[in-house]
Amino acid sequence: MKKIIVLLLLSLCVVGGINAQNLKTIDDELQQLIAQKNNELISINIILKSQIDVDRLNSRRTAFDDEDAKREAVLKEFKNFSEVNQSDVLSFLNAETRSSRVANVKAHWITNMINCEATSDVIYKLSEHHDVKAIIHNKTEYMLFDEEVQPVEPTRGMTDNVVKVNADDVWNLGFTGKGVVVAVLDTGINAAHKDLKNHLWDGGEEYPNHGFNTMDNNHNVVDKDGHGTHVAGIIVGDGAAGTKTGVAPGAEIMCIKVLGDNGEGNLNAIISGIEFSVENGADVLNLSLGSPFPSMAVSSVYRTTFTNLLEFNILGVTAAGNDKHLIDSYPIPKNINTPANCPPAWIHPDQENVFGGTSSIISVGAVDNYDKTTYFSSEGPVTWLGSEWNDYSYDKSNEIEDNWLYYDRNYFTDNVGVEGSMGWSIMFPPSKLQEYEGYELTKISTFDSDYHNGYIHIYQGGSLPGNGSLIHSQSYVCYGTNSFTEIELDERLPVDHTQNLWIVLETDEGFVYPAAVCPMTDDANGRWFKYKGVWKDLTEYGLNYTWLLRAYIENPENPMAKTVSMEEDAQTGLIRPDIVAPGLSIVSADNKSITGYVAQSGTSMAAPCVTGIVALMKEKNPNITPAQICEILETTAVKLSEKKNNQTGSGRIDALAAIQKIEDENEDVQDTTNIIKNEYDFNIAVYPNPVGDELFLATELQVEEIAIYDIYGRTVSQHVNMSTRRQVVNVADLEAGVYFVKVVTNEGKVVKRFIKN
Numbered sequence: 002m003k004k005i006i007v008l009l010l011l012s013l014c015v016v017g018g019i020n021a022q023n024l025k026t027i028d029d030e031l032q033q034l035i036a037q038k039n040n041e042l043i044s045i046n047i048i049l050k051s052q053i054d055v056d057r058l059n060s061r062r063t064a065f066d067d068e069d070a071k072r073e074a075v076l077k078e079f080k081n082f083s084e085v086n087q088s089d090v091l092s093f094l095n096a097e098t099r100s101s102r103v104a105n106v107k108a109h110w111i112t113n114m115i116n117c118e119a120t121s122d123v124i125y126k127l128s129e130h131h132d133v134k135a136i137i138h139n140k141t142e143y144m145l146f147d148e149e150v151q152p153v154e155p156t157r158g159m160t161d162n163v164v165k166v167n168a169d170d171v172w173n174l175g176f177t178g179k180g181v182v183v184a185v186l187d188t189g190i191n192a193a194h195k196d197l198k199n200h201l202w203d204g205g206e207e208y209p210n211h212g213f214n215t216m217d218n219n220h221n222v223v224d225k226d227g228h229g230t231h232v233a234g235i236i237v238g239d240g241a242a243g244t245k246t247g248v249a250p251g252a253e254i255m256c257i258k259v260l261g262d263n264g265e266g267n268l269n270a271i272i273s274g275i276e277f278s279v280e281n282g283a284d285v286l287n288l289s290l291g292s293p294f295p296s297m298a299v300s301s302v303y304r305t306t307f308t309n310l311l312e313f314n315i316l317g318v319t320a321a322g323n324d325k326h327l328i329d330s331y332p333i334p335k336n337i338n339t340p341a342n343c344p345p346a347w348i349h350p351d352q353e354n355v356f357g358g359t360s361s362i363i364s365v366g367a368v369d370n371y372d373k374t375t376y377f378s379s380e381g382p383v384t385w386l387g388s389e390w391n392d393y394s395y396d397k398s399n400e401i402e403d404n405w406l407y408y409d410r411n412y413f414t415d416n417v418g419v420e421g422s423m424g425w426s427i428m429f430p431p432s433k434l435q436e437y438e439g440y441e442l443t444k445i446s447t448f449d450s451d452y453h454n455g456y457i458h459i460y461q462g463g464s465l466p467g468n469g470s471l472i473h474s475q476s477y478v479c480y481g482t483n484s485f486t487e488i489e490l491d492e493r494l495p496v497d498h499t500q501n502l503w504i505v506l507e508t509d510e511g512f513v514y515p516a517a518v519c520p521m522t523d524d525a526n527g528r529w530f531k532y533k534g535v536w537k538d539l540t541e542y543g544l545n546y547t548w549l550l551r552a553y554i555e556n557p558e559n560p561m562a563k564t565v566s567m568e569e570d571a572q573t574g575l576i577r578p579d580i581v582a583p584g585l586s587i588v589s590a591d592n593k594s595i596t597g598y599v600a601q602s603g604t605s606m607a608a609p610c611v612t613g614i615v616a617l618m619k620e621k622n623p624n625i626t627p628a629q630i631c632e633i634l635e636t637t638a639v640k641l642s643e644k645k646n647n648q649t650g651s652g653r654i655d656a657l658a659a660i661q662k663i664e665d666e667n668e669d670v671q672d673t674t675n676i677i678k679n680e681y682d683f684n685i686a687v688y689p690n691p692v693g694d695e696l697f698l699a700t701e702l703q704v705e706e707i708a709i710y711d712i713y714g715r716t717v718s719q720h721v722n723m724s725t726r727r728q729v730v731n732v733a734d735l736e737a738g739v740y741f742v743k744v745v746t747n748e749g750k751v752v753k754r755f756i757k758n
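In this text, residue positions in the sequence shown follow this note's numbering: the first is 2, and each later residue adds one.
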């Protein structure tokens with residue numbers, strides 16, 4: 002991965018003729034780009050407000066003879082929905098193409114999004130359209146993980162990783178992945194390599210090169226980088242050139258070139274690649290790529306996409322990233338790349354203390370051949386607080402020394418800046434200072450997200466920053482270290498516990514982004530903001546954040562700080578990765594030779610090992626669901642820790658144990674197409690959503706228990722109701738917000754998300 006920190010820059014600029022509300026529709030990075038361009042064409046993604054409600058799909062209530070028929074029906078519903086809901090915006094865009102202010106319009110259907118190139122004038126008009134939710138820059142960025150490449154001599158036999166995961170033992174049972182189509186979304190493929198050429202998807206006359214190039218919208222899938230060829234070899238390499246590198250040598254590779262020859266890609270190309278995979282019959286996707294520090298809008302597009310992918314019974318296997326050794330630059334909860342930060346299809350029991358949704362993802366980390374964690378494999382947890390899902394809460398604030406006064410969640414999300422001077426402040430009222438009578442303020446702490454110079458002002462009293470008594474001022478410097486920086490005050494300041502205490506930071510350096518934020522917490526005193534000389538709540542500008550700014554006070558008679566221990570119900574976020582596989586010095590096919598091999602290291606090499614095992618499982622049971630695959634892989638993995646954790650997930654994958662699990666489960670049930678019922682097989686409708694006072698559940702299943710949880714996984718309502726058909730749950734007493742309802746039935750459990758108005 003590039004050693005560049007990509008941060009979401011939240012600029013509060015004003016554009017003539019566009020009101021502030023419409024301006025919020027335009028992504029902040031795109032606003033910056035518009036300012037640099039002279040009304041030139043810019044590649045953008047237009048995200049529409051309406052998204053398909055999968056609970057209302059007719060295909061969920063229809064019996065199909067086979068998976069292909071079901072996929073076609075689901076695909077038709079998705080495309081019809083997008084066609085109807087995009088028509089007005091597309092009409093506008095098509096009209097603008099005649100004046101050359103719009104070009105290359107691409108309508109998506111897996112998520113309700115349109116890509117095009119447009120001038121700033123068109124972008125501003127789009128921001129006022131009633132159907133448009135957000136407009137973001139279709140940024141082309143480096144999306145690989147800088148794995149070192151080393152040439153190796155071919156040897157007869159199998160590579161160590163194939164043997165380590167017991168793939169060869171599965172072949173002996175007769176399963177090689179035959180008939181399974183694996184879509185590899187990467188840099189292309191060396192289709193002439195002897196180990197690969199007999200295992201390529203037949204696209205017929207329409208796709209003669211075994212796939213498609215969605216980056217350049219053509220048929221050229223030649224791999225000039227080498228990454229895609231290496232990944233494909235780990236999945237299907239049959240050893241024709243000497244070394245058996247593939248976990249599933251009977252499978253077929255659908256080559257989708259979503260990255261350029263330099264390893265760069267963008268959101269439009271990847272979403273197009275996923276859609277191509279679905280339309281052309283792929284059974285599993287491999288994405289050994291990722292985006293570091295994407296905006297929440299970009300992350301949300303990926304999550305919506307992979308949530309919808311569940312309806313097509315397709316699992317996306319994703320590389321977690323190679324940034325553990327760069328954790329200071331890519332701090333938790335953003336050490337895992339997107340889309341590997343999306344939730345898995347099956348929620349492990351060790352995750353149940355922090356509740357959230359699912360998507361068709363399994364996130365893969367890397368270990369060496371001795372099952373030791375590698376120095377590079379990215380670590381979780383991740384959080385989706387601040388997104389439209391607002392789940393998987395992560396809050397490490399209870400690890401902070403109790404001498405610190407603060408309102409933040411103890412992790413960095415974004416940073417805020419304006420053109421010109423600005424100020425940001427937190428205030429501690431007497432109610433927070435009562436127990437600190439006689440204490441002294443000795444230092445402050447701020448998250449250092451951007452190089453800048455500024456001033457610290459400390460006030461006591463007053464109802465706004467700056468109108469109390471100024472008791473201290475000093476200058477400070479931040480260097481962009483991307484970590485919390487403690488700034489010692491020039492003097493120890495006695496704290497008057499009967500008055501408001503204001504910590505104010507100001508800078509007038511111009512267009513920098515000095516003020517770091519996290520997702521908003523409840524107390525408004527953590528988000529005072531001065532723009533154009535006026536102090537307001539940050540939320541009044543549409544920015545739902547809290548400052549990463551703190552004050553340290555200590556008792557001069559006993560200056561030792563105490564540390565608050567982690568509580569059992571700590572908000573631990575979403576555990577990532579889900580599983581690990583060998584990823585150190587993995588030998589596979591070379592893109593520069595038809596017989597050569599190279600060794601590479603990274604989670605990019607671990608992910609296709611898992612993908613190959615999924616192909617073996619899909620051969621044995623073509624109808625197995627993503628949730629079932631994830632559950633089997635995680636529960637049969639070689640345990641590397643007592644519980645699922647953020648270093649090795651549920652353990653190192655074991656192909657033989659996974660295949661045997663399918664066999665064992667199928668011996669006990671009549672329906673051999675399913676192992677255990679999964680929440681997406683159930684026909685349970687939850688409505689209305691959003692809800693007022695009464696939540697209705699409709700099902701033909703026998704309901705045994707209904708429980709409602711808040712976003713922190715805390716039970717707020719629970720009762721037993723042994724009945725079927727429509728049930729009514731009274732939610733009138735719940736506060737407005739996001740909740741989850743868990744319905745336990747005689748077939749298993751279902752989890753649904755709903756919003757209480």
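Cβ atoms here follow ideal geometry from the backbone N, Cα and C, with glycine treated the same way.
Item	Value
Cβ-based neighbour list, N647, same chain, cut-off 7 Å, excluding 5 preceding and 5 following	E380, G381, P382, I576 and R577
Secondary structure of M428, DSSP reduced to three states	strand
Cut-off 6 Å between Cβ atoms - residues of its own chain near G597, not counting five sequence neighbours on either side	D591
In DSSP terms, what L502 is bridged to	F429 and Q461
Helix, strand or coil at K325 [DSSP, three-state]	helix
Contact between the region 85-94 and the region 115-129 (3+ Cβ pairs under 8 Å)	yes
Contact set for V744: own chain, Cβ-Cβ below 7 Å, skip 5 residues either direction	I685, L698, V704, I707, K750 and V751
Euclidean distance between Cα positions of I756 and V692	6 Å
Proximity winner among I709, Q728 and N747, relative to D734 (alpha-carbon distances)	I709
Cβ pair T443, L549 closer than 9 Å	no
Euclidean distance between Cα positions of L539 and S394	21 Å
Reduced DSSP secondary structure (H/G/I, E/B, other) of N139	coil
Reduced DSSP category for G180 - H, G, I as helix; E, B as strand; rest coil	coil
Through-space distance from T746 to N281, alpha-carbon basis	36 Å
Secondary structure of M618, DSSP reduced to three states	helix
Pair within 9 Å by beta-carbon distance, L49 and N139	no
Separation of I348 from G189, as counted between CA atoms	33 Å
The region 407-417 / the region 507-525 touching (three or more Cβ pairs under 8 Å)	yes
Between the CA atoms of K335 and Q52 - distance to the nearest angstrom	26 Å
Nearest residue (CA-CA) to G463, options E555, N501 and Q87	N501
Endpoints, alpha helix (DSSP H) assigned at K71	E68 to T98
Inter-residue spacing [alpha-carbon to alpha-carbon] between D239 and V223	20 Å
Every unbroken beta strand (DSSP E) inside the region 436-480 [3 residues or more]	441-449, 452-461 and 470-480
Touch test, the region 98-115 against the region 64-73, Cβ-Cβ under 8 Å, three pairs minimum	no
Local conformation of V639 per DSSP, three classes	strand
Cβ shell of T522 (< 8 Å), same chain only, five flanking positions each side left out	Y408, D409, R410 and T547
Near the ligand HEM: Y710 beta-carbon under 8 Å from a heavy atom	Within the structure as shown, the ligand HEM is missing, as the structure has no ligands at all.
Beta-carbon proximity list for N545, same chain, < 6 Å, skipping 5 on both sides	M521
For F294, the three-state DSSP class (helix, strand or coil)	coil
Per-residue burial, K619 [other beta carbons within 10 Å of its own, 16 or more giving buried]	buried
Anticipated Cβ contact below 8 Å, S364 with A341, distance rounded	4 Å
Within 9 Å, strictly: CB atoms of V153 and A600	yes
The region 272-289 in contact with the region 129-143 per 3-pair CB rule at 8 Å	no
D169: first and last residue of the uninterrupted alpha helix (DSSP H) it sits in	A168 to W172
Rounded straight-line distance, which links the Cα of I333 to that of G481	17 Å
Proximity of G543 and W503 at Cβ, strictly below 9 Å	no
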